[in-house]
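See structure below.
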Amino acid sequence: MKRSVLTRYRVMAYVTGVLLVLLTLGVIAKYLLDIDGASGFVSVVGIAHGWLYVVYLIFAFDLGSKAKWPVAKQLWVLLAGTIPTAAFFVERKVSRELEPLVADAALRPRPEGRPVQKA
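Counting from 480, one number per residue, gives the positions in the sequence shown under this note's numbering.
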């Protein structure tokens with residue numbers, strides 16, 4: 480597995496996690512504390528989290544399929560972006576698990592490709 484597959488998953492896990500924590504704080508500010516301006520904040524952060532969560536889903540699914548995870552594990556990783564702070568813990572666990580696979584793949588020699596022949 481390429482390091483870039485794990486790296487892009489990790490970046491999106493952090494981005495999604497931070498946005499979800501900000502969204503949670505914004506919802507608390509809007510509904511429990513009745514703070515002016517929280518409504519606009521919740522709208523902007525909610526939309527950003529929604530769109531970036533879709534990107535997270537794509538990257539997490541790609542990572543899981545390349546790591547050949549069982550369906551239950553794949554679902555847990557996909558749902559981590561919907562539970563505040565879960566993305567941070569799941570990302571760390573996934574990174575520790577897959578880091579040896581990434582390092583092993585980096586040490587293996589690459590097969591040389593054949594040159595493209597012109598007609």
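Positions of the beta carbon are idealized from the N, C-alpha and C atoms, including for glycine.
Self-check item: Cβ-based neighbour list, A539, same chain, cut-off 7 angstroms, excluding 5 preceding and 5 following
Solution: Contacts found: Y488, V556, L557.
Quiz item: Does the distance from the C-beta atom of A566 to that of T503 stay below 7 angstroms?
Solution: In this structure, T503 does not lie closer than 7 angstroms to A566 by Cβ.
Quiz prompt | DSSP three-state assignment for K481, whether helix, strand or coil | solution = Of the three classes helix, strand and coil, the one that applies to K481 here is coil, per DSSP.
Exercise. For A460, count neighbouring C-beta atoms within 10 Å of its own C-beta (all shown protein chains included) and say buried if the count is 16 or more, exposed if not.
Key: Summary: the structure shown does not reach residue 460, with the chain confined to residues 480 through 598, and so no result is reported for it.
Exercise. Quick one: residues in its chain with C-beta nearer than 6 angstroms to the C-beta of L485, no 5 flanking neighbours on either side, listed in chain order?
Key: Same-chain partners within the cutoff: L577, V581.
Practice problem: Give the straight-line distance between the Cα atoms of M480 and D541, rounded to the nearest whole angstrom. | Solution: Whole-angstrom Cα-Cα distance: 11 angstroms.
Exercise. Tell whether a beta-carbon distance below 7 angstroms holds between V523 and L501.
Key: For the pair V523 and L501, the CB atoms are not nearer than the 7 angstroms cut-off.
Practice problem: Use the C-beta contact count for L499: other C-beta atoms within 10 angstroms, 16 or more gives buried, fewer gives exposed. | Solution: Looking at its Cβ environment, which holds 16 or more other Cβ atoms inside 10 Å, L499 is buried.
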